[in-house]
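Report on the following structure.
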Amino acid sequence: MSWAAHDLEPYAIQRHLGGKVAIVPLLIGSYSPDMFSKWFVYGIDVLGIELKADDPVQFHRGWPGVGFTHSLAFGLVVAALILLLTRSRVWSLSFLLGHWAHALTDVGDTIGTMLAFPFSTETFGLGAWAYAGQTDRLTDAGAYFSGLGFVWDGVWILYGLLSWRILTRDYFRETIVPADPVWRWIGRWLPEAALLALYRASFFYGTTRWVAWLIWAHLLNDYPFDLSWGGPDWVEAAYD
Amino acid sequence: MRTLALYLAAGAAYVVLGVIWPSLLLSWVEGTAFLLLCVWILPAALRRLR
Chain A
105 MSWAAHDLEP YAIQRHLGGK VAIVPLLIGS YSPDMFSKWF VYGIDVLGIE LKADDPVQFH
165 RGWPGVGFTH SLAFGLVVAA LILLLTRSRV WSLSFLLGHW AHALTDVGDT IGTMLAFPFS
225 TETFGLGAWA YAGQTDRLTD AGAYFSGLGF VWDGVWILYG LLSWRILTRD YFRETIVPAD
285 PVWRWIGRWL PEAALLALYR ASFFYGTTRW VAWLIWAHLL NDYPFDLSWG GPDWVEAAYD
Chain B
19 MRTLALYLAA GAAYVVLGVI WPSLLLSWVE GTAFLLLCVW ILPAALRRLR
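Chains as they are written, first to last, in our numbering: chain A, 105 to 344; chain B, 19 to 68.
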């Protein structure tokens, strides 16, 4: 799993494809694999009752479970549905690219993703950073921001900052708005300052929380850095 | 330049609050609402008060 890459990768895709894609479906696609399942991986407390998957790893990435949401075929199916419902190729393609970026990025951890589902339930993983979603959320954050995961996110932040022009008002007016009628529709109720904030929100969210989690993990707490492959060693990583 | 300063201030405030209350860092909705508050709602309210 990644903590900031899913917020930032859509902007990189946007930069390369310009008006051929739209940022809203790119972001929805990027968030979609975890959108309805992550809370059950970490667990939540409802009126004193803990709701949590018995086997969070199996639930999140496996089959049986919702691991199919991280497959390339799932992205294709939802993109096809979007095309059927909206008749928008831009929305369909954007969703697909955002979704595939998520599925491929999560290949980086020690579990990986079932990219070839439903043809295979094998997970493809590089094992670069520890998957620790089976622990609690804060331990997972501490582990992620101590291993290579946060470095990977940092690459996207750096790339985003080097591509700063895509965050400007001019780029928003000339490329983002013409590519997607959604912006004109929202613009009936909100001024441009609000639209720009919404456009930049995921970049803001990904970047600031990357900084905040690093400070939290290493200045407020003492989680040791371990940039070895598959690290950090101090957390019990899940493996497929 | 004023807009950039506004976003940087919002980012710094969000980082400080997030370090103190990490649960703030877990919600995209809250993060986006915070940004809207800092760069749109509060500046618009201040302009109206002047």
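Backbone N, C-alpha and C define an ideal beta-carbon position, used for all residues, glycine too.
Quantities reported herein were computed from a predicted structural model and do not represent experimental measurements.
**Study point:** Neighbour list for Y248 (chain A) in chain B, Cβ cutoff strictly below 8 Å
**Key:** Neighbours of Y248 (chain A) on chain B: none; closest Cβ ~12 Å, over 8 Å.
Check your understanding: Can a CB atom of chain B be found closer than 8 Å to the CB of T279 (chain A)?
Key -> no
Review point. Looking at chain B, which residues of the segment 112 to 131 of chain A have a Cβ within less than 7 Å of any of its Cβ atoms?
Key: none
Check your understanding: If you measure from the beta carbon of W39 (chain B) to each beta carbon in chain A, is any gap under 8 Å?
Key -> no
Point to revise | Inter-stretch contact at 8 Å, needing at least 3 Cβ pairs: the segment 46 to 57 of chain B / the segment 293 to 306 of chain A | key: yes
**Study point:** T217 (chain A) - partner residues in DSSP beta bridges
**Key:** T217 (chain A) pairs with A:F228.
Point to revise | Cβ pair I117 (chain A), A184 (chain A) closer than 8 Å | key: no
Practice item. Let me know the beta strand (DSSP E) ranges lying completely inside the segment 119 to 144 of chain A, each 3 residues or longer, listed in chain order. Key: Annotation note: the segment 119 to 144 of chain A contains no uninterrupted beta strand (DSSP E) run of length 3 or greater.
Point to revise | Interface partners of L54 (chain B) on chain A, CB under 7 Å | key: Correct list: A298 and A301.
Exercise for review: Go ahead and pull the three-state DSSP assignment for E278 (chain A).
Suggested key: helix
Practice item. Indicate whether P160 (chain A) and V145 (chain A) have their beta-carbon atoms separated by less than 8 Å. Key: yes
Practice item. Measure the alpha-carbon distance for Y115 (chain A) versus I270 (chain A) and round it to whole angstroms. Key: 8 Å
Review point. What residue does the alpha helix (DSSP H) around L155 (chain A) start on, and which one ends it?
Key: For L155 (chain A), there is no enclosing alpha helix (DSSP H); the residue is part of the beta strand (DSSP E) that begins and ends at I153 to L155.
Check your understanding: Going by the CB atoms, is the gap between G246 (chain A) and G229 (chain A) shorter than 8 Å?
Key -> no
Check your understanding: What are the start and end residues of the alpha helix (DSSP H) that includes V34 (chain B)?
Key -> R20 to I38
Exercise for review: Tell whether a beta-carbon distance below 8 Å holds between V125 (chain A) and L197 (chain A).
Suggested key: yes
Practice item. Entirely within the segment 167 to 220 of chain A and at least 4 residues each: give me those alpha helix (DSSP H) ranges in chain order. Key: The qualifying runs are 176 to 190 and 193 to 209.
Review point. If you follow the alpha helix (DSSP H) that D244 (chain A) is part of, which residue opens it and which one closes it?
Key: R241 to Y248 is the span of the alpha helix (DSSP H), which, as asked, contains D244 (chain A).
Practice item. Using a threshold of 8 Å, state whether the C-beta atoms of S306 (chain A) and L131 (chain A) are closer than that. Key: yes
Check your understanding: Which same chain residues, not among the five before or five after L24 (chain B), have their C-beta less than 6 Å away from its C-beta?
Key -> V57
Check your understanding: Does the distance from the C-beta atom of V281 (chain A) to that of R288 (chain A) stay below 8 Å?
Key -> yes
Review point. Quick one: what's got a C-beta closer than 8 Å to R123 (chain A)'s C-beta in the same chain, skipping five residues either side?
Key: Note on residue identity: the sequence assigns Gly, not Arg, to residue 123 (chain A). So the qualifying residues of the chain are T279, P282 and A283.
Exercise for review: Return helix, strand or coil for G49 (chain B), following the three-state DSSP convention.
Suggested key: helix
Review point. For V286 (chain A), which of helix, strand or coil comes out of DSSP?
Key: helix
Practice item. For G310 (chain A), collect the residues of the same chain with a Cβ closer than 6 Å to its Cβ; drop the 5 residues on either side in sequence, then sort them by chain order. Key: The beta carbon of G310 (chain A) sits closer than 6 Å to those of A108, D111 and L112, all from its chain and outside the five residues before and after it, given in chain order.
Point to revise | Cβ of Y235 (chain A) within 8 Å of any chain B Cβ | key: no
Exercise for review: From the DSSP output, in three-state form, read off Y235 (chain A) for me.
Suggested key: strand
Point to revise | Identity of the residues DSSP links to I150 (chain A) by a beta bridge | key: The question names Ile, but residue 150 (chain A) is Val in the sequence shown. According to DSSP, which records beta bridges pairwise, V150 (chain A) is partnered with A:I153.
Check your understanding: Are the C-beta of L26 (chain B) and some C-beta of chain A separated by less than 8 Å?
Key -> no
Exercise for review: State the DSSP-derived secondary structure class of G335 (chain A), mapped to helix, strand or coil.
Suggested key: strand
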